[in-house]
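Throughout the sequence shown, residue numbering follows mature numbering (1 follows the signal peptide of the UniProt record, and there is no 0), covering -22 to -1, 1 to 189 in sequence.
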Amino acid sequence: MGLHLVPIVLPVCLVLSGFAIAMESPHYAVVHSESDFEIRLYGEAFWASALVQRSSFQNSTKQGFHRLYQYIHGANLNSARFPVTAPVLTSINPTTANGSVCYVKIYLTAKSPPQPNSELNLEIEKWTSHCIAVRKFSGFAKDDNINKEVEALMNSLNLHFTGNTSITEDKLSYTIAQYNSSRHQAGRLNEVWMNVPGFNAEGCSNYRRNY
């Protein structure tokens, strides 16, 4: 029997003008769980992606999100507006030829999202089904704490999957997922994501993203 991917509606809400709005997230199923991390199987999904020259993690994320925000608020060929979703991703791979850049991404609920206006320099990505190792952490994701969280996830994977050197596709590639707006102070949720194509579960294909 195949795994059932469920839509996730976050209990964490974005508060605008006094109203709480639940945000939709991409569908996934948990295929492995430990006390300090879990492995999720994500289904097919569309993401809008902004290529950003890396300065600091925080500045790069802010610059990329500004362009993505314009896209979901009508700066596209259909002048369509889309709901705010979570998380906002910042994907980094320092070993590539484009090691001085990162990709900031948001999940799109539309089945056929329109192309962005050309001046935004965005791409629409279609993810196929694949597995991701996830470590949660609280507070604000900042330049001075994300490396510690990335290292902690890598150590956990090495501990639990000793001998499986192919569990991750690239030990230096990672994504920081942020679920809350900057105005949200308490109960913040962030995650470190790493692709784990070497994990043996139905649907965990050797999928590679462009970061």
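For every residue, glycine included, the Cβ atom is placed at its ideal position computed from N, Cα and C. No experiment lies behind these values; they were computed from the predicted model shown.
Got a sec? Which residues, its chain only, sit under 6 Å from residue i by beta carbon, not counting five neighbours each side?
i   : result
A58 : P92
I50 : F60
According to DSSP, is residue i helix, strand or coil?
i           : result
Q156        : strand
S69         : strand
H138        : helix
N95         : coil
residue 190 : The structure shown does not extend to residue 190, since the chain is modelled only from -22 through 189, so no value can be given for it.
R87         : For the sequence presented, residue 87 should be read as Thr rather than Arg. Coil at T87, not helix or strand.
Would you say residue i touches the ligand FAD, meaning its beta carbon is less than 7 Å from a heavy atom?
i   : result
A64 : No copy of the ligand FAD occurs in the structure displayed, which carries no ligand at all.
Bridge partners of residue i, per DSSP?
i           : result
H44         : In DSSP, H44 forms no bridge with anything.
I124        : Paired residue(s): none; I124 is not in a bridge.
Q31         : V79
residue 191 : Because the chain here runs from -22 to 189, residue 191 falls outside it and cannot be looked at.
F115        : N168
Ordered along the chain, which non-local residues of its own chain (more than five positions away) have a Cβ less than 8 Å from that of residue i?
i    : result
K120 : F35, Q36
How is the beta strand (DSSP E) around residue i delimited, first residue to last?
i    : result
K104 : 100 to 105
If you drop the 5 nearest sequence neighbours on each side, which residues of the same chain put their C-beta closer than 7 Å to that of residue i?
i   : result
P72 : L150
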